[in-house]
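Colleague:
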Amino acid sequence: MNISIPVIAGLVILGLLGIGLYALLAVRNLIKIIIALQIMVKGVLVAFILAGRLQGDMVTAQSMALVVIVADTIVAVVGLALAVQIRRHTGKLDTTALTTLRR
Amino acid sequence: MWHILIMTGILLCAIMAIRTKRLLVSAIWLAGCSALVALFLYLLGAPEIAVIELSVGAGLVTVLFVFAINIAGDEAQPSHPVISRPLAWAVIAVAALLVGWLLLPGVNVAVPGLPESQLGNTLWQARSLDMFLIGVLIFAGALAMLGLLADGKKEAVEP
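These protein sequence lines are chains A and B, in that order.
Quick note on numbering: the first sequence equals residues 9 to 111 in the working numbering.
Quick note on numbering: the second sequence equals residues 855 to 1013 in the working numbering.
1. Just the chain A side, please: which residues come within less than 9 Å of Q972 of chain B by C-beta, in chain order?
2. Using only CA atoms, which one of B:L958, B:N924 and B:A947 lies nearest to V879 of chain B?
3. Does the beta carbon of I13 of chain A come closer than 8 Å to any beta carbon on chain B?
4. In angstroms with no decimal places, state the Cα-to-Cα distance between A69 of chain A and V76 of chain A.
5. Measuring alpha carbon to alpha carbon, tell me which residue in B:L1000, B:L991 and B:Y896 is nearest V83 of chain A.
6. Going by C-alpha to C-alpha distance, which of B:Q979, B:A881, B:D928 and B:G989 sits closest to V917 of chain B?
7. Give me the chain C residues within the contact set of V953 of chain B, using Cβ-Cβ distance strictly less than 7 Å, ordered along the chain.
8. Closer than 7 Å by C-beta to E1009 of chain B: which residues in its own chain qualify, once you throw out the five before and the five after it? Chain order, please.
9. What does V86 of chain A reach in chain B if we use C-beta pairs closer than 7 Å?
10. Report buried or exposed for K875 of chain B, applying the criterion of at least 16 other Cβ atoms within 10 angstroms of its Cβ.
11. Between the C-alpha atoms of A926 of chain B and I872 of chain B, what's the straight-line distance to the nearest angstrom?
12. Counting C-beta neighbours from all protein chains within 10 Å, is the total for S888 of chain B 16 or more, i.e. buried, or is it exposed?
13. For a contact defined as C-beta to C-beta under 8 Å, what are the partners of V52 of chain A on chain B?
14. Quick one: using the 10 Å Cβ neighbour count with 16 as the cut-off for buried, is V948 of chain B buried or exposed?
15. Which residues of the segment 857-870 of chain B have a Cβ closer than 7 Å to any Cβ of chain A? Give them in chain order.
16. Check the Cβ of I47 of chain A against every Cβ in chain B and list those closer than 8 Å, keeping chain order.
17. Report the neighbours of L914 of chain B on chain A: residues whose CB is nearer than 7 Å to its CB, in chain order.
18. Here's the rule: buried if 16 or more other CB atoms are within 10 angstroms of the residue's CB, otherwise exposed. What is W856 of chain B?
19. Could you check how far apart the C-beta atoms of V67 of chain A and T976 of chain B are, in whole angstroms? I think they sit under 8 Å.
20. Between A:R36, A:V86 and A:A105, which has its C-alpha nearest F919 of chain B's C-alpha?
21. Are three or more beta carbon pairs between the segment 93-105 of chain A and the segment 20-38 of chain A nearer than 8 Å?
22. Nearest CA to the CA of P959 of chain B: which residue from A:I47, A:L62 and A:R96?
23. For I21 of chain A versus V49 of chain A, is the C-beta spacing smaller than 8 Å?
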């Protein structure tokens, strides 16, 4: 089996984006949703580095990937803080518990 | 060969992070996925980003997840999804086909050699705006950590 490295990286990108998107569509737990976002961002990270490798401009790709890693971490922190506060107020981590008008 | 093994490990860890019922176990699978992605990035020729991904993605984020799950509780998850699973799989299949149609022909080319890395110079000179943005993001993250650590609403104390 002779598969080139960029094709393997492309499959990793597709797989991570697909798994993350499925979880975003199908899961209702807030912390699982943040985990799904993390998985999708890892796919994007590999895509940045692969694009930089193919274009021969790894420095720009790595600097962009650095910004993505920091932004992703902050998104995780903000999302977890929101999840903890929602859990304290509603007693659940379910996204349907956020609907306060439907009673 | 190594790349295929790492690809399999990354996708397995990602699937298990979604499928596992317990949140704490999901966080551990996500850490494994991060570590394997870091290894993959290293093999792609980005050692600096691989180190940062390993320390931040597999280290800091995992600690944050464990901390938040410890506070929020590892409750059982509802079994019924937001939308039906066949519809979700159909959406994923269409999206994967579209992305694969765009992506795979472009990546099936020869990989050029790597020039000498000058990431430090580029970060601090050509992309200094990015570094400023990172500083702002870290400040926002510190504020969010205060939200994570804050107690619930305190009852007003009667004088």
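Just so it is clear, CB atoms sit at the ideal spot from N, CA and C, and this is done for glycine as well.
Modeller: According to the structure shown:
1. Here the neighbours are V67.
2. Minimum Cα distance to V879 of chain B is reached at B:N924.
3. For I13 of chain A, the answer is yes, since a Cβ of chain B falls inside 8 Å of its Cβ.
4. Going by the C-alpha atoms only, they are around 10 Å apart.
5. For the residues B:L1000, B:L991 and B:Y896, the minimum Cα distance to V83 of chain A belongs to B:L991.
6. Closest option to V917 of chain B, Cα to Cα, is B:A881.
7. Protein chains in the displayed structure are A and B, and chain C is not among them.
8. Confidence in E1009 of chain B is poor, its pLDDT being 47 and thus under 50, which makes the residue's placement unreliable; the coordinate value appears in the next sentence. Cβ within range, chain order: n/a, list empty.
9. Ordered by position in chain B, the residues that pass the 7 Å Cβ test against V86 of chain A are A998.
10. Exposed.
11. About 18 Å.
12. Residue environment for S888 of chain B: buried (at least 16 other C-beta atoms within 10 angstroms of its C-beta).
13. Neighbours of V52 of chain A on chain B: none; closest Cβ ~11 Å, over 8 Å.
14. Answer is exposed; the Cβ neighbour count stays below 16.
15. For the segment 857-870 of chain B, the beta-carbon criterion of a distance under 7 Å to any beta-carbon of chain A is satisfied by H857, I858, M861, I864, L865, A868 and I869.
16. Around I47 of chain A, the beta-carbon contacts reaching into chain B at under 8 Å are A868, A871, I872, L884 and C887.
17. What L914 of chain B touches in chain A, judged by beta-carbon distance under 7 Å, is T81, going in chain order.
18. Using a 10 angstroms sphere on the CB of W856 of chain B, the tally of other CB atoms stays under 16, which defines it as exposed.
19. The C-beta separation of V67 of chain A from T976 of chain B comes to about 5 Å, placing the pair in contact by the 8 Å criterion.
20. Nearest C-alpha to F919 of chain B: A:V86.
21. They touch, by the three-pair rule.
22. Among A:I47, A:L62 and A:R96, the Cα nearest to that of P959 of chain B belongs to A:L62.
23. One thing to note: I21 of chain A has its Cβ no nearer than 8 Å to the Cβ of V49 of chain A.
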